[in-house]
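K.L.:
For the protein sequence lines, the chains are A and B, in the order given. FYI, in the numbering used here the residues of the first sequence are 13 to 577. FYI, in the numbering used here the residues of the second sequence are 7 to 282. Yeah, the Cβ is synthetic: ideal placement off N, Cα and C, and Gly gets one too. Nothing here was measured: the structure is a model prediction, and the numbers come from that model.
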Amino acid sequence: MTAHSDFPAHSAFPEPIEEAPEPYEHYLNHKYGLASWLLTRDHKRIAILYLISVSFFFLLGGAMAVIIRLELTTPEGDLVQADIYNRLFTMHGIMMIFFFLIPSIPSVLGNFLIPIMIGAKDLAFPKINLLSWYIYAIGGLFTFYALLTGGVDTGWTFYAPLSTGYTNTPVVLVALGIFITGFSSILTGLNFIVTIHRMRAPGMTWFRLPLFVWSHYATSVIMILGTPVIAITILLLGAERIFGVGIFDPKLGGDPVLFQHFFWFYSHPAVYIMILPAMGVVSELIAAFTRKPVFGYHFVAFASIAIAVLGFFVWAHHMFVAGISVYAAAIFSALSMLVAIPSAVKVFNWTTTLYKGSISWDTPMLYALGFIGLFTIGGLTGVMLATLGIDIHVHDTYFVVAHFHYIMVGGAIMGYMGGLHYWWPKITGKLYPKFWSKVGALTIFLGFNVTFFPQFILGYLGMPRRYHAYPNEFQVLNVMSSAGATVLGLGYLIPAVYFIWSMRYGKDASANPWGAIGLEWETTSPPPVENFDKPPVVTWGAYEYHESRVQPSLPPPKQEVMRVT
Amino acid sequence: MSPEAHSTAIGPRGVAAAHGSTEQGHTGAHPPRLAHHFDSYAQQRESASLGVWVFLVTEIMFFGGLFTAYILYRSKYPEAFIAGSHQLDVMLGTINTAVLICSSLTMAMAVRSAQLGRSKAIAGFLVATIVLGSVFLGIKATEYHHKWVEHLIPGHDFHLEIDHLPTHHGKPVASELPSGVVGESRADVPLPSAGPQDIQAHTQLFFFLYFGMTGLHAVHMIIGVGLLVWLIRPSLRGMFDGNNHNYVEGIGLYWHFVDIVWIFLFPLLYLVGRHG
Chain A
13 MTAHSDFPAH SAFPEPIEEA PEPYEHYLNH KYGLASWLLT RDHKRIAILY LISVSFFFLL
73 GGAMAVIIRL ELTTPEGDLV QADIYNRLFT MHGIMMIFFF LIPSIPSVLG NFLIPIMIGA
133 KDLAFPKINL LSWYIYAIGG LFTFYALLTG GVDTGWTFYA PLSTGYTNTP VVLVALGIFI
193 TGFSSILTGL NFIVTIHRMR APGMTWFRLP LFVWSHYATS VIMILGTPVI AITILLLGAE
253 RIFGVGIFDP KLGGDPVLFQ HFFWFYSHPA VYIMILPAMG VVSELIAAFT RKPVFGYHFV
313 AFASIAIAVL GFFVWAHHMF VAGISVYAAA IFSALSMLVA IPSAVKVFNW TTTLYKGSIS
373 WDTPMLYALG FIGLFTIGGL TGVMLATLGI DIHVHDTYFV VAHFHYIMVG GAIMGYMGGL
433 HYWWPKITGK LYPKFWSKVG ALTIFLGFNV TFFPQFILGY LGMPRRYHAY PNEFQVLNVM
493 SSAGATVLGL GYLIPAVYFI WSMRYGKDAS ANPWGAIGLE WETTSPPPVE NFDKPPVVTW
553 GAYEYHESRV QPSLPPPKQE VMRVT
Chain B
7 MSPEAHSTAI GPRGVAAAHG STEQGHTGAH PPRLAHHFDS YAQQRESASL GVWVFLVTEI
67 MFFGGLFTAY ILYRSKYPEA FIAGSHQLDV MLGTINTAVL ICSSLTMAMA VRSAQLGRSK
127 AIAGFLVATI VLGSVFLGIK ATEYHHKWVE HLIPGHDFHL EIDHLPTHHG KPVASELPSG
187 VVGESRADVP LPSAGPQDIQ AHTQLFFFLY FGMTGLHAVH MIIGVGLLVW LIRPSLRGMF
247 DGNNHNYVEG IGLYWHFVDI VWIFLFPLLY LVGRHG
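(1) Going by DSSP in three states, P354 of chain A sits in which element: helix, strand or coil?
(2) Please report the Cβ distance between A521 of chain A and S537 of chain A, rounded to the nearest whole angstrom; I am assuming they are in contact, meaning their Cβ atoms lie under 8 Å.
(3) Would P437 of chain A pass as an interface residue toward chain B - the criterion being a Cβ-Cβ separation below 8 Å?
(4) Over what stretch of residues does the alpha helix (DSSP H) that includes G57 of chain B continue unbroken?
(5) Beta-carbon within less than 7 Å of A340 of chain A's beta-carbon, same chain only, minus the 5 sequence neighbours each way: which residues are those?
(6) Just tell me which of B:M227, B:V235 and B:G256 has its CA closest to the CA of Q267 of chain B.
(7) So, does the CB of D267 of chain A fall closer than 8 Å to a CB anywhere in chain B?
(8) Which residues of chain B have a Cβ atom closer than 8 Å to the Cβ of L237 of chain A, listed in chain order?
(9) Which word fits I64 of chain A, buried or exposed, when buried means at least 16 other C-beta atoms lie within 10 angstroms of its C-beta?
(10) Assuming I192 of chain A contacts I150 of chain A (C-beta within less than 8 Å), just tell me the rounded distance between them.
(11) CA-CA distance, I107 of chain B and V60 of chain B?
(12) Measuring straight from C-alpha to C-alpha, what distance separates F325 of chain A and A414 of chain A?
(13) Just checking: is the beta-carbon of D204 of chain B within a distance shorter than 8 Å of some beta-carbon in chain A?
(14) Could you tell me which residues DSSP pairs with K442 of chain A in its beta bridges?
(15) Would S53 of chain B pass as an interface residue toward chain A - the criterion being a Cβ-Cβ separation below 8 Å?
(16) Out of A:W526, A:E532, A:G45 and A:Y229, state which residue places its alpha-carbon closest to the alpha-carbon of R303 of chain A.
(17) Just by C-beta distance, which residues in the segment 112-137 of chain A are closer than 9 Å to chain B?
(18) Which value, in whole angstroms, describes the spacing of the CA atoms of F468 of chain A and G335 of chain A?
(19) Using 8 Å as the threshold, is the C-beta distance between V164 of chain A and P138 of chain A below it?
(20) Along the alpha helix (DSSP H) that carries I317 of chain A, what are the first and last residues, could you check?
(21) Note down the Cα distance separating E65 of chain B from P240 of chain A, rounded to an integer number of angstroms.
(22) Have a look at K82 of chain B and K263 of chain A and give me their C-alpha separation to the nearest angstrom.
(23) Alpha carbon to alpha carbon, how far is P305 of chain A from Y557 of chain A? Give it in angstroms, no decimals.
(24) Give me the Cα-Cα distance between V78 of chain A and A187 of chain A, rounded to the nearest whole angstrom.
(25) Do we get a CB-CB distance below 8 Å when we pair F245 of chain A with the residues of chain B?
(26) Provide the residue(s) that pair with P476 of chain A in DSSP beta bridges, ordered along the chain.
(27) Counting only beta-carbon separations shorter than 8 Å, does R253 of chain A have a partner in chain B?
(28) For T409 of chain A and R477 of chain A, what's the separation of their Cα atoms in angstroms?
(29) Taking 7 Å as the cut-off, is the CB of K304 of chain A close to at least one heavy atom of the ligand NAP?
(30) Can you tell me which of the three DSSP states P268 of chain A falls into?
(31) Within the 8 Å Cβ cut-off, does V278 of chain B reach chain A?
(32) What residue range does the alpha helix (DSSP H) around R210 of chain A cover?
(33) How is the alpha helix (DSSP H) around R99 of chain A delimited, first residue to last?
(34) Here's the rule I'm using: 16 or more other beta-carbon atoms within 10 Å means buried, otherwise exposed. How should W373 of chain A be labelled?
(35) Can you check whether the C-beta of F274 of chain A is within less than 8 Å of a C-beta belonging to chain B?
(36) In this structure, does DSSP put Q583 of chain A in helix, strand or coil?
Below, the structure written as structure tokens:
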């Protein structure tokens, strides 16, 4: 069924804004033409530009994953040989991490929603926002060109001296692509921080901010502190490769481990750039579909900040076997485990929010629940890997591969998909079919687990990562994994089809199809160009699903406009 | 900063908007030079200023990578770093430091003039800053040229004359280092002390960092000079006043940051081992 009535009406919650008379002017129809998109400074349109471009890279990265899994169905290297295989997994990682996961939620959903959620007309720097998309696109073109000319084979980690002295693939080209794209990430983070500080509507105090905004604030902090470090690392890598100066080359007195320190100083916090926004999405979804305020709002908000801060002190847990001292390893091991605390605070608070909530099983909620389960598995195996002894045993095996796919695919992409399903009616003004979206969510969940759970076992049994061939006894689990990947791939196609379908044929969405609370649901779907017809004044906290908001006869008491600092 | 700036600082929209219109006395829909998504000059100003500060944080992290590499290799190869440092021209470095500090003064004067809305003064101070910045870059270019002539550019042609190795009271400086700097057993067990070949390689590392750090700094200077040139026209047109001086202030902050980077680079690169 595709009817509007599929979405829960929740008549108990009056829609604060009357349905706008058709046709009304909104951000999608106030101007037409390619130039109106490519020169737009509207954060909502820029979010759409990002949506299209990250989807392109998701498709590319996914296509490479398909070939990888196909190759691994048999123990021999029959589809591709080592050389091509190395390029495949390298480019898969680069595309997925730098060009899909890092920009996905912040640049699409964050870009679209943060100004609306805080009651602003736009981000603080609309031109810089557009610039960030162009920078992203240019970096993407570099990388895409490198892919067409054969790609690199160093692994997405670019470890020296393999990347600086030995490989014959275009490392500098791809590194330049990542360098350029990094600035788009920096500009997005900068824009979010200034926007959240300076653009909040009257009455929108820090502790009335939706948790989505809090988690994006924490993400932005990581973006501006971490990304410049990968930028300088790439410059050094390029200098080393082009001029042979020896900064990472032991023959000339350099230190290859320094590269790993630099690389992981950014790339570990980058994992939190991917997962924190997804956590923000999940907080919104859990509240909306249990009709309850998020349990321990302050703790969840500060847990985001804590993850961002702690995330900068754990990087060397990627280097336990790289020759760092045992003392350093022990300290980084302990610090890494600390990250589990704020992560667990979040998981416990979400589950506590579920308790006695009136839960509805809408599609976004399915993704949110999937996130909690998969993130927990990914997180707990992360604690295992932070343990020195276990890490040395399973280092560079499929256990690690499974672990980070549980975090990145099971966590970040589940959150992204959940958010996309939750806000799709707001973004496009259209509803998607309820039945098919649930089928899609379940297919993805099933496919994901069948793909990656066997990899935990494979890794524990000792199958190393990054090889195109393996001993016969690993075949059964590998075939399972490949079969799961097929299901997972189909699962991703289902939403792609009905999302595109819904843009033309979907029923029009009301301003608040979920009956949820939040400024984004107080404006029309899709929102007008400047987001609100009247500048909002906020007199309630986030997620106040209770009586005073429900009964129109009891309007919320007129409150003095709070000073926003 | 004008007094209104403080009274409306980051105020809530309603209040700030009211101030915006009184500050302005403008009756139109939206005051000039106030972007559509801001409610008041104060909000616009505060956003711009915070934006620049956040940007400078990213710059600190960016340079931070090079400083980390410097710390690591200097503690690993102190002799080579001293040898390399002795190849640099302290006199030119000192002059450049003075030039840059003066340029920061003129930049600060330009920002002050912008806050007061004195168009000609802004332009004058901007020109002074541009001249000083260009003098700095000119001296830097001369230094680079000397290094080129002396084969001190890292790469194939790098060659450090061994008799350039610094001495102190007739002894090589390296032997004067306190034991424990390089290896704990330095005093009793003669470590395979850095031979001439190693000194060559490690000094090359110093020069790579020298060119990397000062080069990146110079790129920032060039961008800064470009921004200042770009500022002259709008300031002569009277675009800047108490309400709207974000560009001058933001570029000023950037200029001071680049100045401060040099304040760190100068002692690290030029003055190593000259304390004896």
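P.N.:
Looking at the coordinates:
(1) helix
(2) 5 Å
(3) no
(4) Y47 to K82
(5) A328
(6) Residue identity differs from the one stated: residue 267 of chain B is Val in this sequence, not Gln. Nearest of B:M227, B:V235 and B:G256 to V267 of chain B, Cα basis: B:M227.
(7) yes
(8) V63, T64 and M67
(9) exposed
(10) 6 Å
(11) 23 Å
(12) 23 Å
(13) yes
(14) A:D520
(15) yes
(16) A:W526
(17) P127, G131, A132, K133, D134, L135, A136 and F137
(18) 25 Å
(19) no
(20) Y309 to L322
(21) 7 Å
(22) 14 Å
(23) 6 Å
(24) 24 Å
(25) One detail in the question is off: residue 245 of chain A reads as Thr in this sequence, not Phe. Output row for T245 of chain A: interface = yes.
(26) A:T409
(27) no
(28) 5 Å
(29) As far as ligands go, the structure on display features none, and thus does not contain the ligand NAP.
(30) helix
(31) no
(32) V183 to R210
(33) A94 to I106
(34) exposed
(35) yes
(36) For chain A, the structure presents residues 13 to 577; residue 583 of chain A sits outside this window and is missing.
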